[in-house]
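Data block below; observations after.
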Ligand code: 8YV
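Numbering (the numbering used here), first residue to last: 500 to 808.
Below, the structure written as structure tokens:
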């Protein structure tokens with residue numbers, strides 16, 4: 500009898516195929532009656548592939564042993580509930596670091612030089628009537644990184660290559676890192692030209708980038724959110740971008756994706772991106788492979804490649 504697993508949302512085709520070759524996969528997101536499917540599988544599902552798993556779902560699957568998340572961020576999984584029920588949780592770290600860091604730099608340059616607007620300027624024939632307005636550069640500026648983890652460090656290195664000064668805030672000072680640590684996010688924002696957000700989501704970081712932080716960043720400051728929409732007081736940010744109290748924003752993530760505040764659509768000081776930090780063939784392939792490896796290791800009773808619980 501194949502091991503039965505539940506898939507909670509659509510995954511990369513190659514990942515779905517690899518899962519189907521190994522397990523009996525039930526797709527919760529495609530079920531016409533989710534409750535009925537869960538009830539039917541309750542005594543058989545030993546693994547979940549994907550996120551969006553709360554305590555209630557765990558309670559309905561008493562044989563559940565492992566949740567293998569597709570993504571490094573696992574804020575859509577109640578890890579405390581998993582721990583209490585002896586359910587393992589894995590994520591997909593490292594394989595997406597380069598893709599994330601590359602698009603972060605891309606969005607920063609796009610915002611500094613208004614690349615999307617410049618493209619429109621050419622396409623709309625406006626160049627024929629005059630030059631595009633002068634813009635700003637990254638070099639010489641200070642970038643404050645919120646969350647100097649694996650991705651944050653890759654971004655830091657690339658910012659240094661851009662001749663930026665790097666400072667950071669997080670829960671702890673990292674003695675081995677050469678960058679200046681700020682124990683206060685407000686103080687770091689005050690000293691930053693750019694504020695890059697790559698901290699994990701979840702309750703402990705919810706709206707950590709408050710109005711006060713954004714005010715400290717100020718009218719010349721720019722925020723780049725690559726982590727989670729939940730990190731920012733989005734309403735305050737939108738209002739401040741409109742009023743000019745905040746200089747600009749490059750946003751890959753939003754509070755209520757894929758809903759994006761329409762007020763942002765007409766703003767010139769904003770670059771918008773559809774949560775595509777890890778969205779390359781190469782990286783998603785590796786993320787999918789890691790989901791499968793974690794499940795395989797678990798069911799073979801081997802050490803998990805990337806366990807978070
Ligand atoms: C998503 C991400 O997982 O890794 C993360 O935490 O946010 C992304 O890579 C991706 O959108 C797949 O759902």
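No residue lacks a Cβ here, since even glycine has one placed at the ideal position from N, Cα and C.
Shortest alpha-carbon distance to residue 773 belongs to which of 764, 767, 756?
Taking the chain shown and counting its residues from 1, one reaches residue 773 at position 274. The option with the nearest alpha carbon to residue 773 is 756.
State the Cα-Cα distance for the pair residue 767 and residue 722, rounded to the nearest angstrom.
As a first step, residue 767 must be located in the chain shown, where it is residue number 268. As a first step, residue 722 must be located in the chain shown, where it is residue number 223. If I take the Cα positions, the gap works out to 14 Å.
If you reduce the DSSP assignment to three classes, tell me which class residue 528 lands in.
As a first step, residue 528 is located in the chain shown; it is residue number 29 there, counting from the start. In the three-state reduction of the DSSP assignment, residue 528 falls in the helix class, which pools H, G and I.
Please list, in chain order, all residues of the same chain as residue 606 whose beta carbon is under 7 Å from its beta carbon, the five residues on each side excluded.
On the chain shown, position 107 is the one that residue 606 refers to. Excluding sequence neighbours, residue 606 sits near 723, 749, 751, 770, 772.
Which residues share a DSSP beta bridge with residue 747?
Counting from 1 along the chain shown, the entry for residue 747 is found at position 248. Looking at the DSSP output, residue 747 bridges to 721.
Can a CB atom of chain E be found closer than 9 Å to the CB of residue 527?
Protein chains in the displayed structure number just one, and chain E is not present.
Alpha carbon to alpha carbon, how far is residue 680 from residue 737?
Locating residue 680 in the chain shown gives position 181, where the first residue counts as 1. Locating residue 737 in the chain shown gives position 238, where the first residue counts as 1. One C-alpha to the other measures close to 28 Å.
Per DSSP, residue 693 forms a beta bridge with which residues?
Here residue 693 refers to the residue found at position 194 when the chain shown is read from its first residue. 642, 721, per the DSSP bridge assignment.
If you scan the region 530-609 from start to end, which runs of the alpha helix (DSSP H) of 4 or more residues do you find wholly inside it?
533-540, 554-559, 578-583
Does DSSP put residue 781 in a helix, a strand or coil?
Here residue 781 is taken as the residue at index 282 of the chain shown, counted from 1. Three-state DSSP puts residue 781 in a helix.
Tell me, please, which residues DSSP counts as bridged to residue 666.
Stepping through the chain shown from its first residue, residue 666 is reached at position 167. DSSP output for residue 666 lists 643, 679 as bridge partner(s).
I want to check one thing, is the minimum distance from the CB of residue 595 to the heavy atoms of the ligand 8YV below 8 Å?
Looking up residue 595 in the chain shown gives position 96. For the ligand 8YV, at least one heavy atom lies less than 8 Å from the Cβ of residue 595.
Hey, how far is the Cα of residue 508 from the Cα of residue 549?
For the purposes of this step, residue 508 is taken as the residue at position 9 of the chain shown. For the purposes of this step, residue 549 is taken as the residue at position 50 of the chain shown. Using only the alpha carbons, I get a separation of about 6 Å.
If you pair each beta-carbon of the region 588-606 with each one of the region 634-654, do three or more pairs fall below 8 Å?
yes
Using the Cβ count rule (16 or more neighbours within 10 Å means buried), how would you classify residue 753?
As a first step, residue 753 must be located in the chain shown, where it is residue number 254. That one is buried.
If you follow the alpha helix (DSSP H) that residue 619 is part of, which residue opens it and which one closes it?
Translated into positions along the chain shown, residue 619 becomes position 120. Counting along the chain, the alpha helix (DSSP H) containing residue 619 begins and ends at 614-622.
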